[in-house]
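A.B. asks:
Number of protein chains: 2
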Amino acid sequence: MSKHIIIIGAVALGPKVACRLRRLDPDINITVIDRDNLISYGGCGIPYYIGGDITDIEALFSTTSHAIRDPEFFRTCKGIKIIPRVEALTINRTDKSILVRHLEQDTEETLTYDKLVIASGATPVRPPIPGADLPRVFTVSNLHSAKHIKDMISTGGVGKAVVIGAGAIGIEMAEALTDLWGVETTIVEMADQVLPQALGKNIARIVENQLEESGVKVILSQQVTQIQGTSETGVTAVQIGETTMDCDLVVLSAGVRPNTKFASDSGLAVGRSGALLVDRNLKTTDPDIYAGGDCIEMRNLVSGGNMTMPLGSLANRQGRIIANNIHGRAAQFKGTVGTFCIKVFELGAATAGLTVAQAKTAGFDPVHALVAQFDRAHFYPDSKFMFIQLIADRSTRKILGVEAIGEQADAVKARVDAIAPLLGAGLDVDDVCVLETGYAPPFASAMDVINNAGNVLDNILEGRNTPIDMLDFITLFKKEAIQVLDLREPSEAAPFIEKYGNRWLNIPQAELRQRFEELPRDQNLYLICGTGARSYESQVFLNQQGFKQVKNIQGGSAVLSVTDPDFALT
Amino acid sequence: MSKHIIIIGAVALGPKVACRLRRLDPDINITVIDRDNLISYGGCGIPYYIGGDITDIEALFSTTSHAIRDPEFFRTCKGIKIIPRVEALTINRTDKSILVRHLEQDTEETLTYDKLVIASGATPVRPPIPGADLPRVFTVSNLHSAKHIKDMISTGGVGKAVVIGAGAIGIEMAEALTDLWGVETTIVEMADQVLPQALGKNIARIVENQLEESGVKVILSQQVTQIQGTSETGVTAVQIGETTMDCDLVVLSAGVRPNTKFASDSGLAVGRSGALLVDRNLKTTDPDIYAGGDCIEMRNLVSGGNMTMPLGSLANRQGRIIANNIHGRAAQFKGTVGTFCIKVFELGAATAGLTVAQAKTAGFDPVHALVAQFDRAHFYPDSKFMFIQLIADRSTRKILGVEAIGEQADAVKARVDAIAPLLGAGLDVDDVCVLETGYAPPFASAMDVINNAGNVLDNILEGRNTPIDMLDFITLFKKEAIQVLDLREPSEAAPFIEKYGNRWLNIPQAELRQRFEELPRDQNLYLICGTGARSYESQVFLNQQGFKQVKNIQGGSAVLSVTDPDFALT
Chain G
1 MSKHIIIIGA VALGPKVACR LRRLDPDINI TVIDRDNLIS YGGCGIPYYI
51 GGDITDIEAL FSTTSHAIRD PEFFRTCKGI KIIPRVEALT INRTDKSILV
101 RHLEQDTEET LTYDKLVIAS GATPVRPPIP GADLPRVFTV SNLHSAKHIK
151 DMISTGGVGK AVVIGAGAIG IEMAEALTDL WGVETTIVEM ADQVLPQALG
201 KNIARIVENQ LEESGVKVIL SQQVTQIQGT SETGVTAVQI GETTMDCDLV
251 VLSAGVRPNT KFASDSGLAV GRSGALLVDR NLKTTDPDIY AGGDCIEMRN
301 LVSGGNMTMP LGSLANRQGR IIANNIHGRA AQFKGTVGTF CIKVFELGAA
351 TAGLTVAQAK TAGFDPVHAL VAQFDRAHFY PDSKFMFIQL IADRSTRKIL
401 GVEAIGEQAD AVKARVDAIA PLLGAGLDVD DVCVLETGYA PPFASAMDVI
451 NNAGNVLDNI LEGRNTPIDM LDFITLFKKE AIQVLDLREP SEAAPFIEKY
501 GNRWLNIPQA ELRQRFEELP RDQNLYLICG TGARSYESQV FLNQQGFKQV
551 KNIQGGSAVL SVTDPDFALT
Chain F
571 MSKHIIIIGA VALGPKVACR LRRLDPDINI TVIDRDNLIS YGGCGIPYYI
621 GGDITDIEAL FSTTSHAIRD PEFFRTCKGI KIIPRVEALT INRTDKSILV
671 RHLEQDTEET LTYDKLVIAS GATPVRPPIP GADLPRVFTV SNLHSAKHIK
721 DMISTGGVGK AVVIGAGAIG IEMAEALTDL WGVETTIVEM ADQVLPQALG
771 KNIARIVENQ LEESGVKVIL SQQVTQIQGT SETGVTAVQI GETTMDCDLV
821 VLSAGVRPNT KFASDSGLAV GRSGALLVDR NLKTTDPDIY AGGDCIEMRN
871 LVSGGNMTMP LGSLANRQGR IIANNIHGRA AQFKGTVGTF CIKVFELGAA
921 TAGLTVAQAK TAGFDPVHAL VAQFDRAHFY PDSKFMFIQL IADRSTRKIL
971 GVEAIGEQAD AVKARVDAIA PLLGAGLDVD DVCVLETGYA PPFASAMDVI
1021 NNAGNVLDNI LEGRNTPIDM LDFITLFKKE AIQVLDLREP SEAAPFIEKY
1071 GNRWLNIPQA ELRQRFEELP RDQNLYLICG TGARSYESQV FLNQQGFKQV
1121 KNIQGGSAVL SVTDPDFALT
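First to last, the protein sequences are chains G and F.
Residues in the first sequence are numbered from 1 upward in steps of one, following the numbering used here.
Residues in the second sequence are numbered from 571 upward in steps of one, following the numbering used here.
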């Protein structure tokens, strides 16, 4: 008799396991259940549906050839039985059975399995804020709420919105509300930066600046303490500290919680996040039960710790591995380096590995370089600035993380993707200096920004480049009368000299070898140029002339201008 | 007394060595010589200057901050002495001196060195075709010839052009001539495909199709045997086999030859290509002489053999390594995997590692997968098809090469760059299946095309996917009355059924499980769908039903339609 496989969850990992298994074995008995009636959908596309990039919600559960991925599709095309509107209640591991409830009929049934796959996903957290259950307060959890939000916005029912949480979904939703619909949107984030799980502060600040420039108000380091309104009016305002802010819609994007209660109740081990613990074969602590996707903890290959990461890409890759293992072909999922990317209005951002803060928490001694450079040959017409932060451990020189942002989103992703797959293998700074990526003028500089980031980080680790972090510089400059030396041409330095007077000196780099004796030797000098290249070269020269208190402002005016509106170029 | 470093060549590697050395050591004595008066230029930008993407030739020898990189710039900004119009004649390795000629003054001088760096580059080959020295026959060798060509075109002097050689420069020049200037351009290539060094035939065919669609005539497997004209008229026609083709301009892009005669005459070892042999520290066979850039052979990290690869990106990375080594900080350049990218009108193509043909020559048993998939989530508005060919060795499953092409060039580069840095480290097929690259709908599918290419190749290696190569299919279909089974919807299959009658059956995938008994079991069946996914699934199903002669057409209609105009979608 052929084996019976039960799969709990039919969104991403579940169908992938089922379809792969069917191809591997025509006779195996596969049943997939899901609480919802809409299955196998691209949940990560919801913000683009709400924002109008995707007109028709069916696109999110259709194949590339426009077939609707419903149970009928899985039956006829894939040979898979999917039963919707069925909830898993308990697992009886001794009997190898699960008790389920048919939600429409309100009946219970016991299903037996040879192997069980838990693909139950995660549910958005509804934070314990008074009023969080009012009408017009949404989580972005499934296609039903997505349709509800869009129907409301598209009929003109929303003028002002508050998004609680500046993670990926919060930012994508803020863009969706603002960009097409012109909803006046505010993001409230309790951390002191946006995307606190994904980005360090330098790149996050560029994202915040972009959000503000695009009309999204960003409130950091604060919490919504109350959501006001009645069950008739729905939400009318939120309370943020002392401030009351009117709004017609609240989007809760405060993270997700893995759907694992029925599994942990049966004695399967979970980690601190509440997600299931699995081994490299994606087996839970019961050898007949596999799990994957948003409901498991994975090993972070850089920090060595465990993490959750709700991404359809990980779920799909894991699905194939679980199917292989069930079929008896050993396959492994070793972990993740947390690769992540996001579009934020005109910018694309991508990251992999640890931020400086995460690296410190994990016990490393992180050193970072922040480099600004054109993404194509600088003479190529549509070349744009890209900003890359590269982070290494001081003593081992191993790369801990990389973050990048720029206008040409695919080009940003290209740089991070060239590093990400190597992060788990102990790539070091020297490897990045010679990292071999494609070169032609429409694609890159001859010395690509990623190699340059390696070179700069190497120079910093060797003590040749003595940088000051951009945010530290801005804070210091606003607090103290520190001395800046601008190495650019007079026309470029002029607006800053006009604004800051003799705090902002200008000696073009070409004149520095003649004029360096004009400079004070007894005070700190903060060197700036367009991107950090000329200021580095000048810093080295001044060091060679005996100047000891010279700091190179990382990323130069290119980064400064997109980090703080006070320094925006006009 | 400080050391004296002489650097021969001031285009890419030479200035990089000099500037890095100056930053490492303020006292070291550095002299750079070059035959030309124009130095430190981006030679790879020449086609874009000729094609009008770059208006001003000075952009090719300016910094990102618009400073002209002339000897004065290097003196004032970099502290480097560059002497233009000086040619290296001989190296006297016993005395550690070089004899040079000042070309303007026509005088000779002996310069002594402690360390010598050879960065003499390469010169375009002028093939031994009668008439190759006629006026209006150009190599794309330096800014002087670039300016000459552009002046001629922009004054309307060119109606028809012939480009000899379909390497990168040949194709970039063909695009430059056609796109802006509307010159009627023909490329003649002696190999049976374009870009024979870089691409396998499948992807090359897509490039050829794009060139033809963009108005460039491509003639393969033929040679120009004579260039006709007089010294007064310049070129008037070329002879290709029996055909005479009128033209006003000939561009020779038949490869380059390393400028190493003066070096090999002094006893430095060269490889079969004539380029210098260097060790991992980029030292020649003389411990006081380093070399890098277009005049050296590098180790191909996939094949283990030696190769030349004239790319500014390699030269720049090598320059920093040579400077480090001269300064006493050991640094290594281990080799290259031949990463390459090119823009061809609306397409971007990228590649790394070996083609199928190169892999065979190197003694591997290559197996390839050709995958068509959208570069973003398929529901995201601007998603476009990308085509990836992934090649592995049959027995070891090690990845030997990857090629990709698509409309969104940065996205194409992102996929190849995610593989390229791992190629030298023995990446295998399973690693590609789980390769961790960034995911969000505006950037990728949840199962990205690169992971999918790994999955398909795994399925082929395991014998589950039994493909026929796209070009083999086209050849066979045009020669024999083979039976195609189209798994798409009737509306998609209809134009093919109309054209090919009962040679082109149609059973939509959703009906196959009911209707498979209609199919003949005693003849070969060639399965096609949109991209190869449904045809694979159907092939597996038919195999499971006992059909033994079923082949899956790799890449489906998506690849077929851009490979052969006979199958273009209307």
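Where is the CB? At the ideal position from N, CA and C, for every residue including glycine.
Taking 8 Å as the cut-off, does the region 408-422 of chain G touch the region 470-479 of chain G (at least 3 CB pairs, one atom from each stretch)?
C.D. replies: Note that the region 470-479 of chain G does not touch the region 408-422 of chain G; fewer than 3 beta-carbon pairs, one per stretch, sit closer than 8 Å.
A.B. asks: Quick check on the DSSP output: what are the complete beta strand (DSSP E) runs of length 3 or more inside the region 622-695 of chain F, in order along the chain?
C.D. replies: When DSSP assignments are scanned along the region 622-695 of chain F, the uninterrupted stretches of beta strand (DSSP E) that are 3 or more residues long and fall wholly within it turn out to be 651-653, 656-662, 667-672, 677-682, 685-688, 692-694.
A.B. asks: Is the region 893-901 of chain F close to the region 840-860 of chain F, with three or more CB pairs under 8 Å?
C.D. replies: yes
A.B. asks: So is residue 780 of chain F buried or exposed if we call it buried at 16+ other beta carbons inside 10 Å?
C.D. replies: Here the question's residue 780 of chain F lines up with position 210 in the second sequence. The residue in question, residue 780 of chain F, is buried, as its Cβ has 16 or more Cβ neighbours within 10 Å.
A.B. asks: Fully enclosed by the region 312-365 of chain G, which beta strand (DSSP E) runs are 3 residues long or longer?
C.D. replies: 340-344, 347-353
A.B. asks: Please confirm whether residue 635 of chain F has its beta-carbon closer than 7 Å to some beta-carbon of chain G.
C.D. replies: On the second sequence, residue 635 of chain F is found 65 positions in, with the first residue counted as 1. At least one chain G Cβ lies under 7 Å of residue 635 of chain F.
A.B. asks: From what residue to what residue does the alpha helix (DSSP H) around residue 495 of chain G run?
C.D. replies: Locating residue 495 of chain G in the first sequence gives position 495, where the first residue counts as 1. Per DSSP, residue 495 of chain G belongs to the alpha helix (DSSP H) from 490-500.
A.B. asks: With a threshold of 8 Å, are at least 3 pairs of Cβ atoms found where one atom belongs to the region 579-586 of chain F and the other to the region 557-567 of chain G?
C.D. replies: Flag = no, the region 579-586 of chain F and the region 557-567 of chain G do not touch.
A.B. asks: Buried or exposed for residue 1072 of chain F, please, with buried defined as at least 16 other CB atoms from any protein chain shown within 10 angstroms of its CB.
C.D. replies: For the purposes of this step, residue 1072 of chain F is taken as the residue at position 502 of the second sequence. By the neighbour-count rule (16 or more Cβ atoms within 10 Å), residue 1072 of chain F is not buried but exposed.
A.B. asks: Is it the case that the Cβ atoms of residue 449 of chain G and residue 206 of chain G are separated by a distance below 7 Å?
C.D. replies: Taking the first sequence and counting its residues from 1, one reaches residue 449 of chain G at position 449. Taking the first sequence and counting its residues from 1, one reaches residue 206 of chain G at position 206. The answer is no: Cβ separation not under 7 Å.
A.B. asks: Tell me which same chain residues have a C-beta within less than 8 Å of the C-beta of residue 44 of chain G, skipping the five on either side of it?
C.D. replies: Mapped onto the first sequence, residue 44 of chain G falls at position 44. Cβ neighbours of residue 44 of chain G beyond the five flanking positions: 311, 312.
A.B. asks: Is it the case that the Cβ atoms of residue 830 of chain F and residue 846 of chain F are separated by a distance below 7 Å?
C.D. replies: Here residue 830 of chain F corresponds to residue number 260 of the second sequence, with the count starting at 1. Here residue 846 of chain F corresponds to residue number 276 of the second sequence, with the count starting at 1. Yes, the pair counts as a contact, with Cβ atoms nearer than the cut-off.
A.B. asks: Taking one C-beta from the region 684-703 of chain F and one from the region 788-801 of chain F each time, how about it: are there three or more such pairs within less than 8 Å?
C.D. replies: yes
A.B. asks: Can you find at least 3 beta carbon pairs, one from the region 1019-1032 of chain F and one from the region 1065-1084 of chain F, that sit closer than 8 Å?
C.D. replies: Output reads no: the region 1065-1084 of chain F does not touch the region 1019-1032 of chain F.
A.B. asks: Which chain G residues are close to residue 912 of chain F, counting only those with a beta carbon under 8 Å from its beta carbon?
C.D. replies: Reading the second sequence from its first residue, position 342 is the one you call residue 912 of chain F. Those within 8 Å of residue 912 of chain F in chain G are 440.
A.B. asks: Buried or exposed: residue 813 of chain F, going by 16 or more other Cβ atoms within 10 Å of its Cβ?
C.D. replies: Here residue 813 of chain F is taken as the residue at index 243 of the second sequence, counted from 1. Exposed: under 16 other Cβ atoms inside 10 Å.
A.B. asks: Whole angstroms is fine: what's the gap from residue 525 of chain G's alpha carbon to residue 537 of chain G's?
C.D. replies: As a position in the first sequence, residue 525 of chain G is number 525, starting the count at 1. As a position in the first sequence, residue 537 of chain G is number 537, starting the count at 1. In a straight line, the C-alpha of residue 525 of chain G is about 14 Å away from that of residue 537 of chain G.
A.B. asks: Does the Cβ-Cβ distance between residue 57 of chain G and residue 147 of chain G come in under 7 Å?
C.D. replies: In the first sequence, residue 57 of chain G corresponds to position 57, counting from 1. In the first sequence, residue 147 of chain G corresponds to position 147, counting from 1. In this structure, residue 147 of chain G lies closer than 7 Å to residue 57 of chain G by Cβ.
A.B. asks: Helix, strand or coil: how does DSSP classify residue 190 of chain G here?
C.D. replies: Locating residue 190 of chain G in the first sequence gives position 190, where the first residue counts as 1. Of the three classes helix, strand and coil, the one that applies to residue 190 of chain G here is coil, per DSSP.
A.B. asks: With 7 Å as the threshold, decide whether the Cβ of residue 417 of chain G is near any Cβ in chain F.
C.D. replies: In the first sequence, residue 417 of chain G corresponds to position 417, counting from 1. At least one chain F Cβ lies under 7 Å of residue 417 of chain G.
A.B. asks: DSSP on residue 184 of chain G, reduced to helix/strand/coil?
C.D. replies: Locating residue 184 of chain G in the first sequence gives position 184, where the first residue counts as 1. Look at residue 184 of chain G here: in three-state DSSP terms it is strand.
A.B. asks: For the region 922-935 of chain F against the region 757-771 of chain F, do three or more pairs of beta-carbon atoms, one drawn from each stretch, fall closer than 8 Å, so that the two count as touching?
C.D. replies: yes
A.B. asks: Excluding the five sequence neighbours on either side, which residues of its own chain have a C-beta within less than 6 Å of the C-beta of residue 335 of chain G, listed in chain order?
C.D. replies: Here residue 335 of chain G refers to the residue found at position 335 when the first sequence is read from its first residue. The answer, listed in chain order, is 298, 299, 301.
A.B. asks: Under the assumption that residue 919 of chain F contacts residue 988 of chain F (Cβ atoms under 8 Å), give the Cβ distance between them as a whole number of angstroms.
C.D. replies: Within the second sequence, the letter at position 349 stands for residue 919 of chain F. Within the second sequence, the letter at position 418 stands for residue 988 of chain F. No, residue 919 of chain F and residue 988 of chain F are not in contact; Cβ-Cβ is about 16 Å, not under 8 Å.
A.B. asks: In the structure shown, what three-state DSSP assignment does residue 531 of chain G receive?
C.D. replies: Taking the first sequence and counting its residues from 1, the one referred to as residue 531 of chain G is at position 531. Coil, per DSSP.
A.B. asks: Quick one, which of G:86, G:120, G:64, G:60 has its alpha-carbon nearest residue 105 of chain G's?
C.D. replies: Here residue 105 of chain G is taken as the residue at index 105 of the first sequence, counted from 1. Closest by alpha carbon: G:86.
A.B. asks: Using 8 Å as the cut-off, can you tell me whether the region 942-950 of chain F makes contact with the region 370-378 of chain G, which would need three or more C-beta pairs spanning the two stretches below that distance?
C.D. replies: Three or more Cβ pairs closer than 8 Å define a contact, and the region 942-950 of chain F falls short of that threshold against the region 370-378 of chain G.
A.B. asks: When the distance is taken between beta carbons, is residue 970 of chain F closer than 7 Å to residue 936 of chain F?
C.D. replies: Taking the first residue of the second sequence as position 1, residue 936 of chain F is located at position 366. Taking the first residue of the second sequence as position 1, residue 970 of chain F is located at position 400. In this structure, residue 970 of chain F lies closer than 7 Å to residue 936 of chain F by Cβ.
A.B. asks: Can you give me the start and stop residues for the beta strand (DSSP E) that residue 963 of chain F sits inside?
C.D. replies: Residue numbering aside, residue 963 of chain F sits at position 393 when the second sequence is read from its first letter. Taken as a continuous stretch (DSSP letters only), the beta strand (DSSP E) holding residue 963 of chain F covers 955-963.
A.B. asks: If you compare alpha carbons, which of G:442, G:416, G:446 is closest to residue 1009 of chain F?
C.D. replies: Counting from 1 along the second sequence, the entry for residue 1009 of chain F is found at position 439. Looking at G:442, G:416, G:446, the one whose alpha-carbon comes closest to that of residue 1009 of chain F is G:416.
A.B. asks: Taking the alpha-carbon positions, what's the residue 1080 of chain F to residue 84 of chain G distance?
C.D. replies: For this step, residue 1080 of chain F is matched to residue 510 along the second sequence. For this step, residue 84 of chain G is matched to residue 84 along the first sequence. The alpha-carbon atoms of residue 1080 of chain F and residue 84 of chain G are separated by roughly 20 Å.
A.B. asks: Let me check understanding here. Comparing Cα to Cα, which of G:471, G:552, G:441, G:540 lies closest to residue 624 of chain F?
C.D. replies: Numbered from its first residue, the second sequence carries residue 624 of chain F at position 54. Closest by C-alpha distance to residue 624 of chain F, out of G:471, G:552, G:441, G:540, is G:441.
A.B. asks: Return the bridge partner residues of residue 971 of chain F from the DSSP annotation.
C.D. replies: Residue 971 of chain F sits at position 401 when you count from the first residue of the second sequence. Answer is F:923, F:961, bridged to residue 971 of chain F.
A.B. asks: Could you name the residues of the same chain whose beta carbon sits closer than 8 Å to that of residue 689 of chain F, not counting the 5 residues immediately before and after it, in chain order?
C.D. replies: Here residue 689 of chain F corresponds to residue number 119 of the second sequence, with the count starting at 1. So the qualifying residues of the chain are 577, 578, 579, 580, 581, 582, 583, 584, 587, 861, 862, 863, 865, 885, 889.
A.B. asks: Does DSSP classify residue 860 of chain F as helix, strand or coil?
C.D. replies: The sequence position of residue 860 of chain F within the second sequence is 290, counting from 1. Strand, per DSSP.
A.B. asks: Ignoring anything shorter than 3 residues or poking outside the region 787-872 of chain F, list the beta strand (DSSP E) runs there in chain order.
C.D. replies: 787-790, 794-800, 804-810, 813-816, 819-822, 826-828, 859-861
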